[in-house]
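Protein chains: 2
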Amino acid sequence: MPIKDAPLAASNDEDISLGRLGEFVGFRLRRIQNHLSSEFSTETGRYGLRPGEFSALAIISANPGLSQVMLSREVGLDKSATVMVVDDLEKHGFAERRRSPVDRRRHALYTTEKGEAVLSAMFDKLATVERDVLTALEPDDLHLLNALLDRIYKTAFRG
Amino acid sequence: MPIKDAPLAASNDEDISLGRLGEFVGFRLRRIQNHLSSEFSTETGRYGLRPGEFSALAIISANPGLSQVMLSREVGLDKSATVMVVDDLEKHGFAERRRSPVDRRRHALYTTEKGEAVLSAMFDKLATVERDVLTALEPDDLHLLNALLDRIYKTAFRG
DNA sequence: TATTGTTATACTCTATAACTATA
DNA sequence: TATAGTTATAGAGTATAACAATA
Chain A
395 MPIKDAPLAA
405 SNDEDISLGR
415 LGEFVGFRLR
425 RIQNHLSSEF
435 STETGRYGLR
445 PGEFSALAII
455 SANPGLSQVM
465 LSREVGLDKS
475 ATVMVVDDLE
485 KHGFAERRRS
495 PVDRRRHALY
505 TTEKGEAVLS
515 AMFDKLATVE
525 RDVLTALEPD
535 DLHLLNALLD
545 RIYKTAFRG
Chain B
395 MPIKDAPLAA
405 SNDEDISLGR
415 LGEFVGFRLR
425 RIQNHLSSEF
435 STETGRYGLR
445 PGEFSALAII
455 SANPGLSQVM
465 LSREVGLDKS
475 ATVMVVDDLE
485 KHGFAERRRS
495 PVDRRRHALY
505 TTEKGEAVLS
515 AMFDKLATVE
525 RDVLTALEPD
535 DLHLLNALLD
545 RIYKTAFRG
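The listed protein sequences derive, respectively, from chains A and B. Using our numbering, the letters of the first sequence correspond one by one to residues 395 to 553. Using our numbering, the letters of the second sequence correspond one by one to residues 395 to 553.
Next up, the structure:
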């Protein structure tokens, strides 16, 4: 009776157990988000952007004229990191800084036409990527999932 | 009629809009997971571990004797990065390498008693952290959320 | 004094490539 | 030849601290 190749408790992939780790929502979130973000990264990379820069561009687009500190808070970066993000967006011609007329310390941020076009194309592409990942869920389930996630976010981090 | 301080479209926090970004599940996942992982990081740090090392220790505990490449795949790291993770776990006395008796290239990984004790304490603490974050959800909702996330993971990344 | 944006810098995390020892 | 583990190294990504301009 030959013992194939698996004399140890966990020698092949199927055997891997999560133990108590499987009890954590945080673990499940990270697992899915890791995969999603690596696919996102591939797509945004086609336009020369990193995922964080895409998010920043999207926030600027949705909030024309916002300042860099506001952008920083929204994307969860330090303001110094945001400087480089905006530098890069300007270098690509996707966004621009204008001096705020009311507070000359501030830069008011705006997207360019080119930035809007690229953003639109990326949104479409990313929606496709996400749809492929979420095939397991019917539209109703998807709404439910979003509602649950929003409730967590609002209660725990905004409430 | 004084115009307080907000002459621009998005000058104070409440005004910030997500635009199409709000359509993406990936965005919601990342937002929550960012917060959770920074709180996790604080807690695991009390024991001298980074979140990735905690996960690795948990996986070793649940799969005694597994090899470093198996661990790598499970935690989503390159095998070279795993070397350093295991080095650190050994340094803390939380885990140990033993030569695999069946394949002398392999290291069979095991937790120590000390490692198990610390792991248990961390699990308890992290469960508390997570419970605080998830107060918005009733137990039923929580189960639902986990089920949805598992379905996504299995279908998209394992199926 | 406090805030906005900036620079310089350092640190963490992770991947790549080249190596060794085994298989 | 291929795989497990290791080392050295380099590249992201991000934070901290100090600074200039402005409020």
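All C-beta atoms, glycine included, are put in the ideal place defined by N, C-alpha and C.
key: is_contact[Arg434 of chain B, chain A] using C-beta, thresh 8 Å   = A small fix is needed here, since residue 434 of chain B is Phe in this sequence, not Arg. Look at Phe434 of chain B: its C-beta is under 8 Å from a C-beta on chain A.
request  = Compare the C-beta of Arg414 of chain A with all C-beta atoms of chain B and state if any pair is closer than 8 Å.
outcome  = Yes - at least one Cβ of chain B is within 8 Å of the one on Arg414 of chain A.
query = Given Ile453 of chain A, which residues of its chain have a CB within under 7 Å of its CB, disregarding the five upstream and five downstream residues?
reply = Taken in chain order, the residues that qualify are Leu465, Glu468, Val469.
inquiry  = In whole angstroms, give me the CA-to-CA distance for Asp534 of chain B and Ala541 of chain B.
reply    = Near 11 Å, if we compare the C-alpha coordinates of Ala541 of chain B and Asp534 of chain B.
request  = Spatial neighbours of Glu490 of chain B within its chain, please: CB distance less than 7 Å, with the 5 preceding and 5 following residues excluded, ordered by chain position.
outcome  = So the list reads Glu484, Tyr504, Thr506, once near-sequence residues are dropped.
task = With distances taken Cα to Cα, identify the nearest neighbour of Leu451 of chain A among A:Phe551, A:Val479, A:Ser432, A:Asn428.
result = Of the listed residues, the one whose Cα sits closest to Leu451 of chain A is A:Val479.
ask   = Thinking C-alpha only, which one of A:Ser449, A:Leu528, A:Ser461, A:Ala515 is nearest Arg499 of chain A?
value = Among A:Ser449, A:Leu528, A:Ser461, A:Ala515, the Cα nearest to that of Arg499 of chain A belongs to A:Ser461.
request  = Find the residues of chain B that neighbour Arg425 of chain A, judging by a C-beta separation of less than 9 Å, and give them in chain order.
outcome  = Those within 9 Å of Arg425 of chain A in chain B are Gly470, Leu543, Tyr547, Phe551.
query = In the structure shown, what three-state DSSP assignment does Ile453 of chain B receive?
reply = Per DSSP, reduced to three states, the secondary structure at Ile453 of chain B is helical.
key: Opening and closing residue of the alpha helix (DSSP H) in which Ala541 of chain B lies   = It spans 533 to 547 - the alpha helix (DSSP H) in which Ala541 of chain B sits, taken as one unbroken run.
key: Start-end ranges of the alpha helix (DSSP H) lying completely within the segment 428 to 503 of chain B, minimum 4 residues   = List check, alpha helix (DSSP H) in window: 445 to 456, 462 to 469, 473 to 485.
message = To the nearest angstrom, how far is the alpha carbon of Asp482 of chain B from that of Leu543 of chain A?
response = Their Cα atoms are separated by approximately 34 Å.
key: Option nearest Ala456 of chain B by Cα separation, candidates A:Asn457, A:Leu412, A:Lys473, A:Leu443   = Comparing Cα-Cα distances from Ala456 of chain B to each of A:Asn457, A:Leu412, A:Lys473, A:Leu443, the minimum goes to A:Leu412.
ask   = What is the DSSP secondary structure of Thr554 of chain B, reduced to helix, strand or coil?
value = Only positions 395 to 553 of chain B appear in this structure, which leaves residue 554 of chain B out of reach.
task = For chain B, find out if any of its Cβ atoms is closer than 8 Å to the Cβ of Arg498 of chain A; answer yes or no.
result = Residue-level contact by beta carbon fails for Arg498 of chain A and chain B, as no gap is shorter than 8 Å.
query = Among B:Asp472, B:Ala530, B:Arg545, B:Val496, which one has its Cα closest to the Cα of Ile426 of chain B?
reply = Between Ile426 of chain B and the set B:Asp472, B:Ala530, B:Arg545, B:Val496, the nearest pair of CA atoms involves B:Ala530.
query = Is any beta-carbon of chain A found at less than 8 Å from that of Gly442 of chain B?
reply = For Gly442 of chain B, the answer is no, since every Cβ of chain A falls outside 8 Å of its Cβ.
task = Would you check if there are 3 or more beta carbon pairs closer than 8 Å linking the segment 417 to 425 of chain B to the segment 427 to 443 of chain A?
result = Contact holds: three or more Cβ-Cβ distances are below 8 Å.
message = Determine whether the beta carbon atoms of Arg492 of chain B and His501 of chain B lie at a separation below 8 Å.
response = Yes, these two residues count as a Cβ contact at 8 Å.
query = Using CA coordinates, which residue listed in B:Gly439, B:Leu539, B:Glu447 is at the minimum distance from Leu471 of chain B?
reply = When each option's Cα is compared against that of Leu471 of chain B, the closest is B:Glu447.
inquiry  = When you compare the CB positions of Leu430 of chain A and Val527 of chain A, do they come within less than 8 Å of one another, or not?
reply    = For Leu430 of chain A and Val527 of chain A, yes; Cβs fall inside 8 Å.
ask   = If you draw a straight line from the alpha carbon of Phe488 of chain B to that of Glu510 of chain B, how long is it in whole angstroms?
value = Spanning the two alpha carbons is a distance of roughly 7 Å.
task = Quick one: which residues of the segment 510 to 541 of chain A get their C-beta closer than 9 Å to a C-beta of chain B? List them in chain order.
result = Residues of the segment 510 to 541 of chain A whose Cβ lies closer than 9 Å to any Cβ of chain B, in chain order: Leu513, Ser514, Phe517, Leu520, Ala521, Val523, Glu524, Asp526, Val527, Leu528, Thr529, Ala530, Leu531, Asp535, Leu536, Leu538, Leu539, Asn540.
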